[in-house]
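What follows is a set of notes on a single structure, which appears directly below.
In my numbering, the protein residues as written are 64 to 295.
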């Protein structure tokens with residue numbers, strides 16, 4: 064399963080090769096995807112290569128070969144009227160479900176607890192504002208809550224400004240999990256957690272944002288991402 068940015072880059076490379084037979088430069092790819100630095104392109108290229116979609120040819124500058132295209136097309140546009148299917152979730156990519164349409168049994172009411180920053184941290188999670196009906200097979204054991212996403216720091220993990228994330232309440236997480244983290248008991252943010260020795264790194268999925276590193280006493284895990292919902 065490709066993220067939206069991975070899919071967009073793969074299509075751009077494929078179209079450029081069809082048109083001219085020459086792969087685009089890293090600067091051209093950066094501009095096409097509206098990224099601020101070439102480091103994000105390096106990460107996307109590596110991810111596509113690891114998944115078997117492209118191959119870098121040795122000893123040749125700008126040499127890329129498209130090996131295959133994805134069977135399922137992830138749309139690059141968030142235009143009105145598009146209604147996505149369920150995308151099977153795992154640690155790297157959450158499930159996405161159209162908020163207006165699901166048929167997986169009697170829904171469960173999950174409280175929405177305000178906003179969460181996918182960008183610079185904002186004030187800590189607010190009180191219960193309203194509830195959402197969530198398909199039960201999207202939820203595991205334990206208590207769950209939902210938060211509305213503000214910001215674009217997790218776009219390469221498929222999480223966009225305006226999405227609603229569904230979170231399983233827990234105070235523990237493994238390195239690589241996307242978590243709701245509370246910093247200094249004041250600021251809440253949605254980031255990928257990495258453990259670096261005795262420190263905790265909160266990692267964005269957007270090259271425009273730097274990884275922030277804290278001592279373990281400054282970060283409290285509030286929950287782990289299990290799914291997200293999106294309106295079109």
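Even for Gly, the Cβ is constructed at its ideal location relative to N, Cα and C.
Cβ neighbour criterion (16 or more within 10 Å) applied to residue i
i	result
residue 193	exposed
residue 226	buried
residue 219	buried
residue 81	exposed
residue 128	exposed
residue 70	buried
residue 207	buried
residue 214	buried
residue 216	buried
residue 72	buried
residue 103	buried
residue 83	exposed
Cut-off 8 Å between Cβ atoms - residues of its own chain near residue i, not counting five sequence neighbours on either side
i	result
residue 280	none
residue 131	115, 116
residue 120	126, 127, 128
residue 112	118, 119
Contacts around residue i, its chain only, beta-carbon distance under 6 Å, and the 5 residues preceding and following it disregarded
i	result
residue 13	The first residue shown for the chain is 64 and the last is 295, placing residue 13 beyond what the model contains.
residue 286	230, 231, 232, 233, 243
residue 66	219, 221
residue 255	241, 266
residue 259	none
residue 91	none
residue 264	257, 274, 276
residue 236	242, 256, 284, 287
Residue i versus the options, residue with shortest Cα-Cα distance
i	options	result
residue 278	246, 204, 115	246
residue 200	289, 241, 96, 97	289
residue 196	179, 181, 228, 217	228
residue 98	172, 272, 282	272
residue 198	73, 172, 181, 179	172
residue 223	292, 93, 236	292
residue 268	282, 239, 261	239
Residues that DSSP places opposite residue i in a beta bridge
i	result
residue 128	118
residue 75	Answer is none; residue 75 lacks a bridge partner.
residue 197	171
residue 209	175, 229
residue 288	230
residue 180	213, 252
Nonlocal neighbours in the same chain, by C-beta distance under 7 Å from residue i, ignoring five residues either side
i	result
residue 86	76, 79, 80, 125, 126, 127
residue 180	213, 214, 251, 252, 253
Any C-beta of chain C under 8 Å from that of residue i
i	result
residue 224	Note that chain C does not occur in the displayed structure, where there is just one protein chain.
Check: residue i C-beta below 7 Å from any heavy atom of the ligand HEM
i	result
residue 241	Because no ligand of any kind appears in the structure shown, any question about the ligand HEM cannot be addressed here.
Which residue spans inside the stretch 240-283 form an unbroken beta strand (DSSP E) run of at least 3? 241-246, 250-259, 262-266, 275-277
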